[in-house]
Amino acid sequence: MKNKKRSVFDGLLADNTVLSSCMVISPVIICGDTLRNAEALAMAFTSITLLSVLISSFTPKKLPYAVKIIIYAVISSLIYIPVRMAAQEFFPGIITRIGIYFPLLAVNSLIVVQTETKFFRMKRLKMIPTLLFYVAGFVAVILITAFIRELLAYGTINNRMVDADTLISGLSQPFGGFIFLGLLCGLYRALRSLFSSEPATERE
Amino acid sequence: MLKQAKQERLIWLDIMLTLLTLELMAYFYYGLRALVLGGVCITVSAAAEFISLRLMHKRFTADDLTCTSDALIIALMLPTVIDYKIAAIGCVFAVVAAKNIFGGRLNMIFSPAAAAYVFLLTSWKNQTLQFTAPHVHTGIFEKATGLVTSASHSFNLTGEMSVSDFEILMGNFSGPAGAVSILLLAVAALILILRGDISGGAFIGTISGTVLLSYLVPMSGGMVDSIKFPLVTNMVLFAAVYIVSDKRIAPRRHYYAFFYGLFIAMTSYIIVLTTAKENAIVIVALLFTPIALAFKNLEKRIDDLEIQALSVAAQKSEITAEEETEAAPEPEEISKPDDSLDEEAFDLPEFSINEINELIEAEHLADTDEEQNAEEVTGDEE
Amino acid sequence: MFLVNDFIALLAANLILTQALGTSTIFIASGSRRKLVFTTLVITLFTTFGAAAAYAVDRFLPSQYNYLTLLCYTAAVSALYVIFLVLFYFISKERFQKIRRYIHISAFNCAVMGTLFTISGRASEDPALMNIGSYVFAGLEAGVGFVLAALILSAAFHKLNSAKVPASFRGFPAMLVYLGIISMAVWALK
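Line by line, the protein sequences give chains A, B and C.
Going by the numbering used here, the residue at position 7 of the first sequence is 13; the numbering climbs one at a time, nothing skipped.
Going by the numbering used here, the residue at position 331 of the second sequence is 332; the numbering climbs one at a time, nothing skipped.
Going by the numbering used here, the residue at position 187 of the third sequence is 244; the numbering climbs one at a time, nothing skipped.
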């Protein structure tokens, strides 16, 4: 294991949840086809993840692993309830648009896996900005993905028509999401290796 | 290595020659636009190949021209009147997403042409499945009018084809420009099999599967028609030659290749029969890629075992008799392909494994307080 | 003939290829034969038994409290999580150390929870499916679909991680594109 020095900004670029760790990818693939869906998903993800991880951080560390995981999942499921109610109140169409991916955000890997491996190993003062950047990293990826997919698949930007004569409708489908995310992931890695001091052996 | 490269180029040349004859036939039926479409596809594919190889810090060599045969296959599967931009997008998809992302021609997973065709089919279904009738020549920049569905479409729905045998052989019925010239395709198949350019096993398997099922579960009334029509429609013959029997994709051994072709043909026949899905064989060929890969993995293991057995036998004979040792092949020579197999099978890069390990770090975390955790969960106390 | 149609239907209903549920987990599962067998087996257990629990939740939870569905599903999966840990511990204490990591991975992820919500969604659209048999069968089917997708991925695992693949695309990006193309073929057959 490489002994890398972690920075609070890692979650945004260097260790992006979606592009680097390939976590929480199903909502990006399925719901990340329009900006409206992406905005809805970003809001739900931000509120559920931030609150869940923050509250979960008060869980005693000495508990067995399985018990801790159950507690995190239960906390995020409880957080989901007010978030869902707030979403229904302020963004009425959000739940219909995201469908089952809304509740699934409550068991996302950032809450269930990364809490133990990453966040709860930090001091709380460092954990909060780190978590914020991880969430921002996810939001950035889903917005970029949705912007490009919506433009190429529907010829719109946030439901406004733009002048595009050849539309690739396949990009709006799940398979389009898989392929697009794979390409984006590869592009991200290429750029990361260009700007980082990683050994040349990792490059072609 | 040099011999292999030469052989690869000869295969490409043979395939290109057969594709060019099909392209000429398309020119006869659909005019200059068929040639322009082929030219656009070849140019875009070559450009995409060149750019993507440069981005991968690799050199563009003569061997990389194999992308042009894939480009021609794509062009021949499409209607000649399709928008050039759509065909160009298909070619870029074939080169970049279906080939070079996986390492290019040295590490082929999918048939680029099949992947591109299915991509176009899912994104532009109408443009991909609507054709002009034969002998209707559309100008190079003209917008096509009077589009018709293919003969395969009407056959799938009615089980009938109102075309004479001669017209079928000559390709005088509506459909993809290259996939309807049955006589030419049959000759091309024969030549390519005899010259070892395509997998004979896969080709025979595909034809056998189609014939077998069309005999057992006929789509048409008469026995001859029920066998003949499924072979000439839905791009079955074209796909059998250029997609299913592609040596880069099909299993190497004829035995496995036969079953690979047989499964594809039978599955696609049933899909056509039950859902009337046009050109299902191309989709099924793409879907059966993991099966081809599984067969190849099996072949590698068999090769591995055979080589191991050979080297053990050689070592034994070395010990027992000197004469036999002289006759036996050099152990180094035998173990060479074995090493290369191992290299390929276990060349997982370290960082890739690390990433996977990062994902399952949670499980290792549990190992830190192993006993305690397990026992606390299960309620067992020491 | 029916087998082929069933196979296509299984692919078309596959939660990974059509809804991308549990994609990260499948990447881990396809890494080695051992991981593949254990992870898919445990996930199938979770989806099958979880589906039975989901039926109980859907059946008895009043509709005005449907915002509690997630909490109830989480409670059900948590119970299964503990039950499986205890069960495997008592079946074989030696193997438990190896098996439990697969239980950890499989319990709370999109594959299991997504399956439960998908089954529940289908049942709410078609009341004929609102019975324990349909739920359990759908859970088992989802698990089998997961096994199938893991097999599809593991067939190409070495090629996708080969040194011949450009470094930027090696591993996950290539796996995503590979699954995308297979998913595209499944979509084309629909």
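Each residue gets a CB set at the ideal place from its N, CA and C atoms; glycine is no exception.
Note that this is a predicted model, so its numbers are computed, not measured.
About 5 Å separates the beta carbon of I169 (chain B) from that of V233 (chain B), a gap short enough to meet the 8 Å contact definition. Taken in chain order, the complete alpha helix (DSSP H) segments of 4 residues or longer contained in the segment 71–132 of chain C are 72–76, 80–86 and 90–117.
For the pair P291 (chain B) and I156 (chain C), the CB atoms are not nearer than the 7 Å cut-off.
Chain B has no Cβ within less than 7 Å of the Cβ of S32 (chain A). Counting along the chain, K301 (chain B) sits inside the alpha helix (DSSP H) bounded by residues T290 to T321. Here V237 (chain B) is not near A203 (chain B), since their CB atoms are 7 Å or more apart. A straight-line Cα-Cα distance of about 11 Å links A170 (chain A) and E156 (chain A). For chain B, the residues of the segment 152–175 of chain A that bring a beta carbon within less than 9 Å of one of its beta carbons are A159, D171, T172, L173, I174 and S175, in chain order.
Shown here, R10 (chain B) sits in a helix according to DSSP, grouped into three states. N218 (chain C) counts as buried, since at least 16 other C-beta atoms from the protein chains shown sit within 10 angstroms of its C-beta. With 16 or more other Cβ atoms inside 10 Å of its own Cβ, M170 (chain C) counts as buried. Distance from the Cα of L67 (chain C) is smallest, within the candidate group C:F203, C:A168, C:G228 and C:R90, for C:F203. The three-state secondary structure of V149 (chain B), taken from DSSP, is strand. The C-alpha of L19 (chain A) is placed about 27 Å away from the C-alpha of A79 (chain A).
Any Cβ of chain C closer than 7 Å to the Cβ of Q120 (chain A) would place that residue at the interface, and such an atom is absent.
For E122 (chain A), the enclosing alpha helix (DSSP H) stretches over residues Q120 to T123.
At a cut-off of 7 Å between C-beta atoms, I185 (chain A) counts as an interface residue with respect to chain B. In the structure shown, the three-state DSSP call for I162 (chain C) is helix.
Contact of S219 (chain C) with chain B is assigned, a C-beta pair being separated by under 7 Å. Spanning the alpha carbons of G190 (chain C) and Y216 (chain B) requires a straight line of approximately 39 Å. Judged by DSSP in its simplified three-state form, F132 (chain B) adopts strand. Any Cβ of chain C closer than 7 Å to the Cβ of M171 (chain B) would place that residue at the interface, and such an atom is absent.
Contact of N157 (chain B) with chain C by beta-carbon distance below 7 Å is absent, the smallest such distance being about 14 Å. In this structure, the alpha-carbon of I90 (chain B) lies about 28 Å from that of N71 (chain C).
Neighbours of K248 (chain B) in chain C, taken as residues whose beta carbon is under 8 Å from its own, are absent, since the nearest beta carbon is some 16 Å off. In the structure shown, the three-state DSSP call for T159 (chain B) is helix.
Put simply, the CB of L116 (chain A) is far from chain C, with every gap to its CB atoms at 7 Å or more. For K132 (chain A), the uninterrupted alpha helix (DSSP H) segment begins and ends at R130 to Y160. At a cut-off of 7 Å between beta-carbon atoms, K317 (chain B) makes no contact with chain A.
The beta carbon of A110 (chain C) sits closer than 6 Å to those of A133, all from its chain and outside the five residues before and after it, given in chain order. For M49 (chain A), the enclosing alpha helix (DSSP H) begins and ends at L41 to S62. For I163 (chain A), the beta-bridge partners assigned by DSSP are A:R166. For C28 (chain A), the secondary structure class from DSSP, reduced to helix, strand or coil, is coil.
Within the model, the alpha-carbon separation for S165 (chain B) versus N173 (chain B) is close to 9 Å.
For the segment 19–48 of chain B, the set of residues with a beta-carbon nearer than 7 Å to any beta-carbon of chain A is empty. For M241 (chain C), the enclosing alpha helix (DSSP H) begins and ends at F229 to L246.
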